[in-house]
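Per mature numbering (1 follows the signal peptide of the UniProt record, and there is no 0), the sequence shown runs over residues -24 to -1, 1 to 162.
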Amino acid sequence: KGQSQKFSAMILIWTFGLLACSMANEYDYVSFQSDIGSYQSGRFYTKPPQCVNIPEDLRLCHNVGYNKMVLPNLLDHETMAEVKQQASSWVPLWNKNCHAGLQVFLCSLFAPVCLDRPIFPCRWLCESVRDACEPIMRYFGFYWPEMLKCDKFPQNDVCIAMTSPNATEPTKPQEKEKCFSCSTKL
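Right, dumping it as structure tokens:
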């Protein structure tokens, strides 16, 4: 009986180990590669990015103008649960209407549109949103987060620019635009 119980326990542990491995996060960090360029972190994943439907309960981005997003997103969130949890913390600020481009800016990062390569928001869009919304955030004791630091975003490359409804040109910053490719519509 003793050997049989040990054998059964080993089989149970082995089965549990296999089950745990199969339930592991579907994107595992493999290594650092600075030449990938797909994600700012320089990390790449064992599985390629996947296009998934933007769920209705992702309130911030559900009606953003497209139906599919890529996971992992541009903030390195690998699961929809993580995206929903992190994005939900921005809904109260979005409800304050501090900047017309806040939703476009945040959703370009939390729920990026499925394309051949990631397109980040323009630096000037980030700066404009930050300058308009950070005073409201500070009033409630929050500061602009490091993960959204505007100097991380492109100013001389293709990037997401906010467009107004029925507009033919992207909304531009008040000063003269410095980046021709930033004004390129997707």
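For each residue, glycine too, the CB sits at the ideal point set by N, CA and C.
Checklist line | Proximity below 7 Å, CB of Cys37 to CB of Ala87 | finding: The answer is yes: Cβ separation under 7 Å.
Next item on the list: Quick one: residues in its chain with C-beta nearer than 8 Å to the C-beta of Ile112, no 5 flanking neighbours on either side, listed in chain order?
Entry: Excluding residues within five positions, the ones whose Cβ falls inside 8 Å are Leu69, Lys72 and Cys74.
Next item on the list: Determine which residues share a DSSP beta bridge with Met89 and list them.
Entry: Here the sequence assigns Val to residue 89, which means Met is not the residue at that position. BP columns for Val89 point to Met45.
Check: Where does Val59 sit, in a helix, a strand or coil, going by DSSP?
Finding: Per DSSP, reduced to three states, the secondary structure at Val59 is helical.
Check: Are at least three pairs of beta-carbons, each pair with one atom in the region 126 to 141 and one in the region 88 to 107, less than 8 Å apart?
Finding: Because the criterion of three Cβ pairs below 8 Å is met, the region 126 to 141 and the region 88 to 107 touch.
Note to self: Taking the beta carbon of Met138 as the centre, do at least 16 other beta carbons fall within 10 Å, making it buried, or is it exposed?
What the structure shows: With 16 or more Cβ atoms within 10 Å of its Cβ, Met138 is classed as buried.
Check: Can you give the Cα-Cα distance for Gly117 and Val67, rounded to whole angstroms?
Finding: Cα to Cα, Gly117 sits roughly 16 Å from Val67.
Check: With 16 as the cutoff for other CB atoms within 10 Å, does Leu78 come out buried or exposed?
Finding: Buried, by the Cβ-count rule.
Item checked: Limits of the alpha helix (DSSP H) - the one that Val67 falls within -> Boundaries of the alpha helix (DSSP H) around Val67: Val67 to Asn71.
Checklist line | Counted within 10 angstroms of its Cβ, other Cβ atoms place Leu91 as buried (16 or more) or exposed | finding: Under the 10 Å beta carbon count, Leu91 is surrounded by fewer than 16 other beta carbons and is classified as exposed.
Checklist line | Extent of the continuous beta strand (DSSP E) run through Val28 | finding: Element bounds for Val28: Gln26 to Asn29.
Notebook entry, point to check: For Ala63, does the count of other Cβ atoms within 10 angstroms reach 16, so buried, or fall short, so exposed?
Noted result: Counting of Cβ neighbours within 10 angstroms places Ala63 among the buried residues, the total reaching 16 or more.
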